[in-house]
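Scroll down for the structure; my scribbles are underneath it.
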Amino acid sequence: MVPSSFYSRWILVAMSLLLQALNLKKSLGGRVVVDDVSLQVESGQVLGLLGPNGAGKTTTMRMIYGFLRPDAGSIIINGVGFDADVAAAKRSMGVCTQSDTFDTDFTVRDNLYVAASYFRPQVPDLNEHIAGLLQRFGLAEFADQKPDTLSGGYCRRLMVARALVNRPKLLFLDEPTTGLDPQARRALWRLIRSLREEGLGIVLTTHYMDEAQFLSDQLVVLDEGKVLAHDTPEQILGEFVGEHVIVLSQPLADSVTEWLRSAEIVGHEGVPGELHVPVGSAQLSGFAASFETLDYDVRKPNLDDLFERLSGGAQ
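This is how it looks when you write it as structure tokens:
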């Protein structure tokens, strides 16, 4: 007999699921670009979607937004399937696209009101809600200005605020900090973390590996349209990269090159003049024993190492 606690946990998980994309498939121009992709997002969770160019990230996101119809598979947003009621499903989501798409003829405040006008039924307590968004995203002092007077960082804040105008439960962020300076990026990271803490489910695509590692609770790694991995960043790095990364100065001594070759270990270039070599603990011990007088560093793996491996950057 299955214990009642099992059913309780299953019900709680089912209730917290905000996105279920199951077995999505899509062909474009006669080529399969998304092949049996499944992913899910729970309340209070950030899911990072990663992969090299051409991996299928954009097509997957466009299907989940409802911009592109899948050839096969199903999409359920906050318990409502696209096939059942796509309009109701979309009311539970907010989308921040990579490009700034607000109307420069309207003020910052009016851009939020225009975005809210697209939703039926009308967003409740709209005046109070928009005032709160302006305050939260540091836009209140610019509320009566046109968006083209804002800096890049504040333009991205406005895009995220606009995506929240309908009080969504699920938020899509497509390259949210592209083109921002480090200070503006980290300010936006803090806002994203605060949204997660309030229970929003968030799907993030980014080409900044530090951003993905800092923000994501779970990662889906796509390669050639297929899911290569779906796990925590730590688990994925351990499986695909290793437990450690040896940092070596180049050019390498012949003895080091031969050791790496015989151990069938490959590395990738970090900054110019360095070779970064992912290894397991046993391999690190063997390397240390073989080169006791060699000057080198050891660090933890990161998502840059994963991306180098996926994109064929190893040498």
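Take any residue in the sequence shown, note its place counting from 1, add 1, and you have its number in our numbering. For each residue, glycine too, the CB sits at the ideal point set by N, CA and C.
Coarse secondary structure for residue i, derived from DSSP in three states
| i | result |
| --- | --- |
| Lys58 | helix |
| Phe288 | helix |
| Phe215 | helix |
| Glu259 | helix |
| Gln46 | coil |
| Gly133 | helix |
| Ala1 | Here the chain comprises residues numbered 2 to 316, so residue 1 is not present and cannot be evaluated. |
| Leu172 | strand |
| Val161 | helix |
| Ser152 | coil |
| Phe7 | Confidence is the limiting factor: at Phe7 the pLDDT is only 37, short of 50, which leaves the residue's position unreliable and the question unanswerable from this model. |
| Asp298 | strand |
| Pro71 | coil |
| Leu253 | coil |
| Glu240 | helix |
| Ala22 | strand |
Cβ-Cβ distance between residue i and residue j below 8 Å
| i | j | result |
| --- | --- | --- |
| Leu249 | Glu275 | yes |
| Pro169 | Met94 | yes |
| Leu175 | Thr60 | Before going further, note that residue 175 is Asp rather than Leu in the sequence given. Contact flag unset, no. |
| Lys147 | Thr108 | yes |
| Leu40 | Val257 | no |
| Val81 | Val204 | no |
| Leu135 | Arg157 | no |
| Ser291 | Trp260 | yes |
Buried/exposed call for residue i, threshold 16 Cβ in 10 Å
| i | result |
| --- | --- |
| Gly268 | buried |
| Phe68 | exposed |
| Arg163 | buried |
| Asn167 | buried |
| Tyr155 | buried |
| Thr206 | buried |
| Gln214 | buried |
| Gln236 | exposed |
Rounded Cβ spacing between residue i and residue j (contact assumed at less than 8 Å)
| i | j | result |
| --- | --- | --- |
| Gln46 | Gln219 | 7 Å |
| Leu311 | Gly52 | 7 Å |
| Leu19 | Gly239 | Not confirmed; about 27 Å, so no contact. |
| Val299 | His277 | 11 Å between Cβ atoms; not a contact. |
| Leu151 | Leu159 | 7 Å |
| Lys26 | Asp72 | 5 Å |
| Gly57 | Val35 | 5 Å |
| Leu304 | Pro234 | 7 Å |
| Phe138 | Met62 | Rounded, the Cβ-Cβ distance is 23 Å, inconsistent with contact. |
| Val242 | Asp306 | 5 Å |
Proximity test, Cβ basis, 8 Å: residue i and chain C
| i | result |
| --- | --- |
| Val299 | The chain inventory of the structure shown lacks chain C, comprising one protein chain alone. |
Would you list, in sequence order, the uninterrupted beta strand (DSSP E) runs of no fewer than 3 residues that lie entirely inside the stretch 84-128?
94-97
Discussion item. Runs of 4 residues minimum, wholly inside the stretch 191-236: which ones carry the alpha helix (DSSP H) assignment?
Written reply: 210-216
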